[in-house]
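>
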Amino acid sequence: MRRIGNPDRIVIIGGGISGLSSAFYLQREAERQGKDIEITIIDGSPVFGGKINTLQRGGFVIEKGPDSFLARKLAIIDLAKELGIEEELTTTNPGAKKTYILHDRKLFPMPPGLVLGIPTEIGPFAMTGLLSWGGKLRALLDLVLPVRKEQGDESLGGFLERRVGTQVMRRIAEPLLAGIYAGDLKKLSLQATFPQFAAAERKHGSLIRGMQHNRKASAAAAALPAIAKGGTFLTFKGGLSTLVNALEEALSGAQKRLGVKVTEIRKADAGDGAASGVSKGLADSRYEVVLDSGERLQADRIVMTAPAYDAADLLGPLTDCRELRAINYVSVANVVMAFDKATFGLDFDGSGFVVPRSEGLHITACTWTSNKWLHTSPDDKVLLRCYVGRSGDEESVKLSDEELLKAVRSDIKKTMGITSEPLFTEITRLPRSMPQYPVGHVDNMKRLRSRLEQDLPGIWVTGAAFDGVGLPDCIRQGKEAAQAILAAE
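Residue 489 is where the sequence shown ends in UniProt numbering, and the numbering goes up by one at each step.
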């Protein structure tokens, strides 16, 4: 890889949180190890951040992309500390702990003790109106059902149906988990999404018992920082773009190519390598990255953080990318509405609600943003955020702005009786933004990475398409990619 007397050139394709995290940890670790590297980050957007996009408007803090992250996943908290912005972290309103689920057009509070849709407290679960008595009894059969003998992957929905029944899967688990994957649970990989479910079944002979144990273990964990113990979710007081801005500032020494796209990756031949003073063996690991601006960048290493479909198009001419092409993406949208509290006519006692497919609405969830996150709205205003689109139900995302807003306002009238006129609205469409991990995904990625190591040494693939879609997961993967690159010779 190394060119004598010259820094190693590392090109990062993608300026979202995965690419920026990879660049940050490459820079930090190279400095620590005394290695000389030259980083170039390329993104087709005119700004960094990928799906992260915070809008400041009239005293409101509006997230047009993701709005928070799981507090128990520490990679993002660690990064915030390293960037010196940990004091900007904030948790949800302690008075908005309730979350509701829509059933037969009525809002039912999630029963206490529900963890990722799995009951860990039997009493409250038995009293919920979300399920029939038959559905509740079927769920409790999990306590006596035998453990699955097969060791291979299965669908998340199939697993939940097998352990706790169809009603729990469809009415509770799927709408709750839709906010993470916007997926059809019958098509998502269990091992790639919630491997802890399978581990709970194997270790405790029951999903419910396993989640009860995990809940107690989490409550007893002393390693969590104080901010992570304050609530399930965290964000930054100025919005998630706080993190992007801090990363961009920390990467001031990196070269940046914004508003341009990579059109091709070429292997540099041995002749090119010899001409630049690199041995023939190492020359095989060197690449040329061609941009639509006409610029060509020489790279000793490449970090690919683009969506799977773009990565497949770029790497496909060089190696087999069938595993990347097996990852489908779902398009989603969100509609943010601001209201005047004086005329709103409704008080919230929770953070919002989720909507099962069976309800037949356009929205899949609604966050009572100004109640969940107190920093997002002036005291005399109300902020709502409605989500649209999931696997198998993406038609609403294709509506015009006028039609989409009309559909969403109709849904919030049906569910909450809201008829007030919004002060303003913000509509954000995120086409092909939610990767769907198919059954067998974990093995697929191992096979792909093994092939890349053989066929395209020096090219690393990472990001939301591979090992977790949440912001902390992407940051963790970026850090792992950086460590692997600097460890390779």
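Even for Gly, the Cβ is constructed at its ideal location relative to N, Cα and C.
Predicted model only: the values in this text are computed from it and were never measured.
1) Pair every Cβ in the region 437-449 with every Cβ in the region 310-328, then say whether three or more of these pairs are closer than 8 Å.
2) Beta-carbon within less than 8 Å of residue 403's beta-carbon, same chain only, minus the 5 sequence neighbours each way: which residues are those?
3) What did DSSP end up calling residue 303 once you bin it into helix, strand or coil?
4) Using 8 Å as the threshold, is the C-beta distance between residue 254 and residue 27 below it?
5) Using only the alpha-carbon positions, how far apart do residue 61 and residue 447 sit?
6) Any contact of the region 407-421 with the region 334-354, i.e. 3+ C-beta pairs under 8 Å?
7) Residues bridged to residue 103 by DSSP?
8) Is residue 201 buried or exposed, if buried means 16 or more other CB atoms sit within 10 Å of its CB?
9) Given a threshold of 16 other Cβ atoms within 10 Å of its Cβ, counted over all protein chains shown, does residue 166 qualify as buried or as exposed?
10) Count the other CB atoms, across all protein chains shown, that sit within 10 Å of the CB of residue 419; report buried if there are 16 or more and exposed otherwise.
11) For residue 101 and residue 136, I'd like the C-alpha separation in whole angstroms.
12) Which one or two residues does DSSP pair with residue 119 in a beta bridge?
13) Go ahead and label residue 277 buried or exposed: buried means 16 or more other beta carbons lie within 10 angstroms of its beta carbon, across all protein chains shown.
14) Enumerate in chain order the residues of its own chain whose CB-to-CB distance from residue 396 is below 7 Å, with the five nearest sequence positions on each side excluded.
15) Terminal residues of the continuous beta strand (DSSP E) containing residue 344?
16) Does the ligand ADP have even one heavy atom less than 7 Å from the beta-carbon of residue 449?
17) Is the region 176-187 touching the region 132-149, taking contact as three or more C-beta pairs under 8 Å?
18) Helix, strand or coil for residue 338 per DSSP?
19) Once the 5 residues before and after residue 291 are set aside, which same chain residues still bring their CB inside 8 Å of it?
20) Thinking C-beta only, is residue 22 closer than 8 Å to residue 303?
21) Would you list the residues sitting across from residue 43 in a DSSP beta bridge?
22) Going by DSSP, what residues sit across from residue 328 in a beta bridge?
23) Taking CB distances under 8 Å as the criterion, tell me whether residue 152 reaches chain C.
24) Apart from the five residues just before and just after residue 112, which ones in its own chain have a Cβ nearer than 8 Å to its Cβ?
25) Excluding the five sequence neighbours on either side, which residues of its own chain have a C-beta within less than 6 Å of the C-beta of residue 301, listed in chain order?
26) Could you give the C-beta distance for residue 233 and residue 92, rounded to a whole number, given that I count them as a contact under 8 Å?
27) Is the region 173-180 close to the region 360-374, with three or more CB pairs under 8 Å?
28) So, does the region 204-214 touch the region 44-63, judging by three or more C-beta pairs under 8 Å?
29) Is the CB-CB distance between residue 491 and residue 13 below 8 Å?
30) Output the distance between the C-alpha atoms of residue 18 and residue 478, rounded to the nearest integer angstrom.
A quick look at the data gives this:
1) yes
2) none
3) strand
4) yes
5) 42 Å
6) yes
7) 106
8) buried
9) exposed
10) exposed
11) 16 Å
12) 114
13) Note that residue 277 scores a pLDDT of 39, beneath 50, so its modelled location is shaky and nothing firm can be said.
14) 362, 388, 389, 404 and 407
15) Element bounds for residue 344: not the beta strand (DSSP E) but the alpha helix (DSSP H), 341-344.
16) The model depicted lacks the ligand ADP and carries no ligand whatsoever.
17) no
18) strand
19) 42, 257, 260, 261, 262, 263 and 297
20) yes
21) 258
22) 436
23) Protein chain content of the structure displayed is limited to a single chain, and chain C is not contained in it.
24) 121 and 124
25) 10, 458 and 485
26) 6 Å
27) yes
28) no
29) Missing from the structure shown is residue 491; the chain here goes from 1 to 489 and no further.
30) 5 Å
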